[in-house]
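Data first, discussion second: the structure below is written as structure tokens.
Protein chains: 2
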Amino acid sequence: MTSDNTPIKPWIRTILPEISPPSLKDNTADVDRLIRGIKKSLKTEKVEIAFSQIREIPRILTQNKYHVKVALYETDGVWRLIDLFSPDTEHHIYGVSIDLGSSTVVVRLINLDSGAAVDEFSFHNPQIQIGPDILTRIHYAAREGGLKELKDLLVERINKEIIQLAGKHGITPNSIVGMAVAGNTTMTHLFLGLDPYRICREPYIPVVNRLDILKAFQLEIIINPQAPVLVFPNIGSYFGGDLIAGILSSGMSHKNQVSFLIDVGTNAEVVIGNNDWMMACAGAAGPALEGGVAGMGMMAGPGVIDKVVIDPETLAFDIRTIGGLLPIGICGSGLIDLVAQLFLSGMIDLRGKFVRNRCMDRLTDIDEIRQLVIVYPEDSGTGRALCLSQPDIDALIRSKAAMYTILTTISNTVSIPFTEIETFYVAGTFGTYIDPRSAIVIGMIPDRPLETYVPLGNTSLEGATMALVSCSARDEIFQIRDKITYIELNVNQEFMNLFSAAKFIPHTDKALFPSVRVKEYGR
Amino acid sequence: MTSDNTPIKPWIRTILPEISPPSLKDNTADVDRLIRGIKKSLKTEKVEIAFSQIREIPRILTQNKYHVKVALYETDGVWRLIDLFSPDTEHHIYGVSIDLGSSTVVVRLINLDSGAAVDEFSFHNPQIQIGPDILTRIHYAAREGGLKELKDLLVERINKEIIQLAGKHGITPNSIVGMAVAGNTTMTHLFLGLDPYRICREPYIPVVNRLDILKAFQLEIIINPQAPVLVFPNIGSYFGGDLIAGILSSGMSHKNQVSFLIDVGTNAEVVIGNNDWMMACAGAAGPALEGGVAGMGMMAGPGVIDKVVIDPETLAFDIRTIGGLLPIGICGSGLIDLVAQLFLSGMIDLRGKFVRNRCMDRLTDIDEIRQLVIVYPEDSGTGRALCLSQPDIDALIRSKAAMYTILTTISNTVSIPFTEIETFYVAGTFGTYIDPRSAIVIGMIPDRPLETYVPLGNTSLEGATMALVSCSARDEIFQIRDKITYIELNVNQEFMNLFSAAKFIPHTDKALFPSVRVKEYGR
Numbered sequence: 011m012t013s014d015n016t017p018i019k020p021w022i023r024t025i026l027p028e029i030s031p032p033s034l035k036d037n038t039a040d041v042d043r044l045i046r047g048i049k050k051s052l053k054t055e056k057v058e059i060a061f062s063q064i065r066e067i068p069r070i071l072t073q074n075k076y077h078v079k080v081a082l083y084e085t086d087g088v089w090r091l092i093d094l095f096s097p098d099t100e101h102h103i104y105g106v107s108i109d110l111g112s113s114t115v116v117v118r119l120i121n122l123d124s125g126a127a128v129d130e131f132s133f134h135n136p137q138i139q140i141g142p143d144i145l146t147r148i149h150y151a152a153r154e155g156g157l158k159e160l161k162d163l164l165v166e167r168i169n170k171e172i173i174q175l176a177g178k179h180g181i182t183p184n185s186i187v188g189m190a191v192a193g194n195t196t197m198t199h200l201f202l203g204l205d206p207y208r209i210c211r212e213p214y215i216p217v218v219n220r221l222d223i224l225k226a227f228q229l230e231i232i233i234n235p236q237a238p239v240l241v242f243p244n245i246g247s248y249f250g251g252d253l254i255a256g257i258l259s260s261g262m263s264h265k266n267q268v269s270f271l272i273d274v275g276t277n278a279e280v281v282i283g284n285n286d287w288m289m290a291c292a293g294a295a296g297p298a299l300e301g302g303v304a305g306m307g308m309m310a311g312p313g314v315i316d317k318v319v320i321d322p323e324t325l326a327f328d329i330r331t332i333g334g335l336l337p338i339g340i341c342g343s344g345l346i347d348l349v350a351q352l353f354l355s356g357m358i359d360l361r362g363k364f365v366r367n368r369c370m371d372r373l374t375d376i377d378e379i380r381q382l383v384i385v386y387p388e389d390s391g392t393g394r395a396l397c398l399s400q401p402d403i404d405a406l407i408r409s410k411a412a413m414y415t416i417l418t419t420i421s422n423t424v425s426i427p428f429t430e431i432e433t434f435y436v437a438g439t440f441g442t443y444i445d446p447r448s449a450i451v452i453g454m455i456p457d458r459p460l461e462t463y464v465p466l467g468n469t470s471l472e473g474a475t476m477a478l479v480s481c482s483a484r485d486e487i488f489q490i491r492d493k494i495t496y497i498e499l500n501v502n503q504e505f506m507n508l509f510s511a512a513k514f515i516p517h518t519d520k521a522l523f524p525s526v527r528v529k530e531y532g533r
Numbered sequence: 011m012t013s014d015n016t017p018i019k020p021w022i023r024t025i026l027p028e029i030s031p032p033s034l035k036d037n038t039a040d041v042d043r044l045i046r047g048i049k050k051s052l053k054t055e056k057v058e059i060a061f062s063q064i065r066e067i068p069r070i071l072t073q074n075k076y077h078v079k080v081a082l083y084e085t086d087g088v089w090r091l092i093d094l095f096s097p098d099t100e101h102h103i104y105g106v107s108i109d110l111g112s113s114t115v116v117v118r119l120i121n122l123d124s125g126a127a128v129d130e131f132s133f134h135n136p137q138i139q140i141g142p143d144i145l146t147r148i149h150y151a152a153r154e155g156g157l158k159e160l161k162d163l164l165v166e167r168i169n170k171e172i173i174q175l176a177g178k179h180g181i182t183p184n185s186i187v188g189m190a191v192a193g194n195t196t197m198t199h200l201f202l203g204l205d206p207y208r209i210c211r212e213p214y215i216p217v218v219n220r221l222d223i224l225k226a227f228q229l230e231i232i233i234n235p236q237a238p239v240l241v242f243p244n245i246g247s248y249f250g251g252d253l254i255a256g257i258l259s260s261g262m263s264h265k266n267q268v269s270f271l272i273d274v275g276t277n278a279e280v281v282i283g284n285n286d287w288m289m290a291c292a293g294a295a296g297p298a299l300e301g302g303v304a305g306m307g308m309m310a311g312p313g314v315i316d317k318v319v320i321d322p323e324t325l326a327f328d329i330r331t332i333g334g335l336l337p338i339g340i341c342g343s344g345l346i347d348l349v350a351q352l353f354l355s356g357m358i359d360l361r362g363k364f365v366r367n368r369c370m371d372r373l374t375d376i377d378e379i380r381q382l383v384i385v386y387p388e389d390s391g392t393g394r395a396l397c398l399s400q401p402d403i404d405a406l407i408r409s410k411a412a413m414y415t416i417l418t419t420i421s422n423t424v425s426i427p428f429t430e431i432e433t434f435y436v437a438g439t440f441g442t443y444i445d446p447r448s449a450i451v452i453g454m455i456p457d458r459p460l461e462t463y464v465p466l467g468n469t470s471l472e473g474a475t476m477a478l479v480s481c482s483a484r485d486e487i488f489q490i491r492d493k494i495t496y497i498e499l500n501v502n503q504e505f506m507n508l509f510s511a512a513k514f515i516p517h518t519d520k521a522l523f524p525s526v527r528v529k530e531y532g533r
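One line per chain: the protein sequences are A and F, in this order. The first sequence finishes on residue 533 if you use the numbering used here, and the numbering steps up by one all the way, no holes. The second sequence finishes on residue 533 if you use the numbering used here, and the numbering steps up by one all the way, no holes.
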């Protein structure tokens with residue numbers, strides 16, 4: 011997705027070096043002979059072979075009569091040996107890019123000779139069985155053996171999925187010679203077996219911001235043991251490699267125009283900038299936007315409500331679910347849709363409170379909590395009514411207010427009003443499903459023309475893939491990291507004032523949302 | 011022993027970097043914070059920390075309130091972390107240099123803060139129990155498990171001796187943070203667990219000529235696991251790191267004048283050159299010069315004859331032994347002395363044959379082999395007579411002829427006569443004990459003034475020590491390696507002619523040895 015069209019220069023590749031067999035006139039050692047051939051072939055002075063690789067080289071060279079295919083990777087101008095293959099094999103070399111989400115992990119298999127994706131597979135992060143949220147996992151990691159357990163759960167599952175994916179395409183793990191991994195800072199720490207303890211405690215520091223390229227065997231990833239593993243760097247505890255992958259994937263760091271990048275999740279993460287400068291900011295938005303708290307909230311999946319339309323005249327609910335099944339719950343994007351529709355149809359007011367004479371008999375009290383029946387038991391996939399409670403709405407409003415306040419704060423900080431921003435990139439799979447119109451209606455994002463919002467899909471996976479196949483993309487992630495000024499969000503009086511003003515639908519200042527017009531229904 | 015007097019710049023050192031503790035205003039990760047402090051302290055841009063070291067860094071930093079002593083080593087302009095220590099410790103950092111001889115291994119403990127030797131210990135190479143000579147060990151290595159057994163024998167013994175040596179001085183293995191190892195090519199391969207199989211088979215190639223700096227844990231050396239281990243490079247199967255250490259230690263590569271470096275052993279290894287150029291040559295001399303074949307021959311040790319004087323008039327033998335004990339055998343230098351004295355006293359002729367009317371009743375036949383009694387049973391530490399046989403003398407003559415021929419060949423090749431050489435450095439512990447006068451008398455080395463011959467002692471250990479403590483000495487060994495032109499000794503007709511002429515005492519061409527004058531005794 012980068013804008014330039016120069017051919018991609020790989021940093022993981024194979025060559026067929028010319029290596030003359032040894033003779034009495036040229037008794038250079040086998041390893042030095044191989045290095046000499048590689049240097050000549052790559053026109054480089056810097057080639058490194060790990061000590062553990064040396065032992066087998068004479069055997070492989072002599073067995074293949076000194077004609078070998080050599081897989082190498084480059085880092086800091088040094089080419090390092092990954093493996094030697096027989097030159098007759100028709101086989102390609104492959105790589106794996108991984109989006110390390112706290113909820114969902116996606117593994118993509120890539121042909122490194124062509125740069126093309128072969129296949130991909132996504133699965134729930136197995137650490138969910140320890141704790142659905144990051145904080146629970148951080149606490150668990152502090153227990154005796156907890157960190158190792160969390161790491162092993164993840165690594166073993168990733169290994170299993172890689173093997174299945176490779177096996178499906180007749181690819182041996184040994185021919186997978188590279189990996190790139192993007193995730194948030196905590197997930198990355200857990201993947202690496204590094205203690206995340208201080209990430210969530212003042213002064214909120216990770217163990218490490220940027221790592222050198224690792225090798226698969228160091229992480230117990232069972233692809234080629236000498237395969238390089240690029241782990242995306244982070245900027246801090248609350249701004250991880252997934253976001254850097256997002257910036258890379260958006261191409262915003264190549265543009266003259268200033269763009270926003272928004273990642274909506276438990277944390278609202280926002281980047282603003284262009285090819286000159288970048289500022290980033292992140293703040294807690296709560297799990298409501300991800301459907302994490304609502305009584306009927308759940309992660310996207312079959313039967314989950316992802317789209318709601320309410321006829322403002324008849325107040326009839328038109329409910330769409332994933333796979334068209336009977337509804338069993340609602341995901342974050344469905345919830346944003348639902349609340350926007352409730353507001354537009356006058357069923358909730360600008361404070362998000364249920365309007366009795368619009369809600370009518372859909373309104374009920376369960377356990378002394380006011381609830382709105384969204385799906386009646388007879389239409390429900392669970393056999394029970396699916397309800398939205400007043401606290402659910404309150405939580406969503408706090409979350410959307412946090413997002414809008416963070417956007418306002420960063421816009422104020424750089425003195426660039428929303429109207430001067432041509433593009434708001436929306437990162438993450440979740441971003442793909444949000445209807446920007448609904449998000450505008452509830453006042454979560456600025457009231458800009460819909461085409462201003464560009465959903466990018468899984469930018470973490472896309473960025474990881476780009477960095478795996480391209481030398482310049484890989485180098486760029488470290489440039490992006492060093493270029494970003496991270497703004498620590500001071501929850502001061504000004505922030506609280508902005509936040510309070512944003513806790514209305516769409517906002518106390520209606521002039522900020524001119525497109526959101528609500529018919530006055532009798533109350 | 012290098013000629014320049016500039017202060018030694020170490021490549022293994024400690025620093026006390028300034029590291030500010032993290033705060034909300036500076037939440038750089040611990041590892042990156044440490045790297046930042048090191049970069050500032052060393053004024054460098056390149057600092058590397060291994061992945062395996064990262065895990066413990068936050069704990070050590072916080073426990074020490076971010077005041078730590080950091081041990082690092084430099085290679086290729088990159089400073090790499092060895093370990094973190096508490097800053098209050100009075101303790102120094104230490105290193106170990108090793109001379110990896112096929113017969114004797116010497117371990118020296120060095121204070122890396124001062125560069126001074128603390129202590130050293132030498133012991134028989136435990137691989138001797140597998141085979142006294144290199145070839146037997148190479149064959150043994152080809153057996154199932156043989157290579158590992160040879161490696162383990164050596165490494166375990168080295169570990170044991172290092173621990174004893176360190177313990178004696180109250181030094182913990184963890185504070186030993188560097189190692190340098192010099193040995194011949196086969197010994198180095200066996201130490202590294204690399205198959206020496208092809209070293210002794212055409213076209214005689216090692217597995218590797220030069221290695222990057224390794225780490226102690228890779229070699230199962232139980233000093234600080236992250237300690238760098240510098241393994242001396244080789245030029246080929248027959249020109250090893252011990253010789254490169256010898257050249258370094260001699261300082262000949264800094265001089266304008268052309269010098270010779272001679273290492274006498276089973277192989278005669280010879281280097282000629284100056285600060286501009288270097289040529290090297292090695293050839294089999296047989297084990298005679300090391301006392302390896304003579305019936306009474308043995309390695310230097312208590313009771314071993316190392317000096318012999320025969321009164322040419324009375325033919326009385328004046329025999330000196332190591333430690334002044336009753337004689338039990340003779341070492342190489344003693345053998346050279348003995349044969350020179352036998353020749354000067356007319357007891358052997360210029361072909362090395364016993365002269366009956368000078369040897370008289372010392373001459374006897376044992377097992378149909380002519381022998382000369384050197385020590386009578388009553389004067390012997392073994393209770394038996396110590397005898398020198400005709401084949402012993404013949405073997406020594408072949409060995410000394412090989413050495414002289416190699417010297418002549420290389421001198422002819424570069425067209426520099428012996429008379430233009432101001433210094434002949436004699437390397438090796440053995441070289442220290444050879445009486446150059448005796449060696450001239452038997453025609454093993456050119457007839458030059460005695461002060462021309464400079465014994466250097468254990469140049470392998472000395473060179474390893476220099477390279478361990480000094481950055482420039484370390485870099486120089488690779489420059490020396492790349493500078494040397496290795497001359498493959500063609501055993502052609504010309505060589506054979508020179509060799510035949512040298513198989514006399516001192517030589518067929520008496521003009522070459524004007525100082526060796528023998529009184530004509532009646533025969």
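Beta carbons: idealized from backbone N, C-alpha and C, even for Gly. Note that the coordinates shown come from a computational prediction; the quantities given were computed from them, not determined experimentally.
Residue i (DSSP reduced to helix, strand or coil)
i       : result
M289(F) : strand
R65(F)  : coil
T114(A) : strand
R533(F) : In this predicted model, R533(F) has a pLDDT of only 47, less than 50, meaning its place in the structure is not dependable enough to derive any value.
E159(F) : helix
F3(F)   : As displayed, chain F neither begins before 11 nor continues past 533, which places residue 3(F) out of reach and without an answer.
Chain A within 7 Å of residue i, Cβ atoms only
i       : result
Q228(F) : yes
D40(F)  : yes
M11(F)  : With a pLDDT of only 44 at M11(F), under 50, the local geometry of the prediction cannot be trusted, and no value is derived from it.
E28(F)  : no
P243(F) : no
P32(F)  : yes
Y214(F) : yes
F95(F)  : no
Residue i, enclosing alpha helix (DSSP H) - first and last residue
i       : result
C481(F) : 481-493
Q351(A) : 342-354
N277(F) : No alpha helix (DSSP H) contains N277(F), which is instead part of the beta strand (DSSP E) from 277-283.
Cutoff 7 Å: residue i Cβ touching any chain F Cβ
i       : result
Y531(A) : no
V218(A) : yes
I224(A) : Note on identity: in this sequence residue 224(A) is Leu, with Ile being the wrong assignment. Yes, contact with chain F.
Residue j beta carbon less than 7 Å from that of residue i
i       : j       : result
P337(A) : G391(A) : yes
L240(F) : E486(F) : no
Terminal residues of the beta strand (DSSP E) in which residue i lies
i       : result
I450(A) : No beta strand (DSSP E) contains I450(A), which is instead part of the alpha helix (DSSP H) from 446-451.
**Message:** Closer than 8 Å is the cut-off here; do at least three beta carbon pairs connect the region 308-323 of chain A with the region 494-510 of chain A?
**Reply:** no
**Message:** With three or more beta-carbon pairs closer than 8 Å as the criterion, would you say the region 61-77 of chain A touches the region 193-212 of chain F?
**Reply:** yes
**Request:** Count the C-beta pairs between the region 91-108 of chain F and the region 183-190 of chain F that are closer than 8 Å, then say yes if the count reaches three, no if not.
**Result:** yes
**Asked** Do the region 436-450 of chain F and the region 323-343 of chain F make contact, defined as three or more Cβ pairs closer than 8 Å?
**Response** yes
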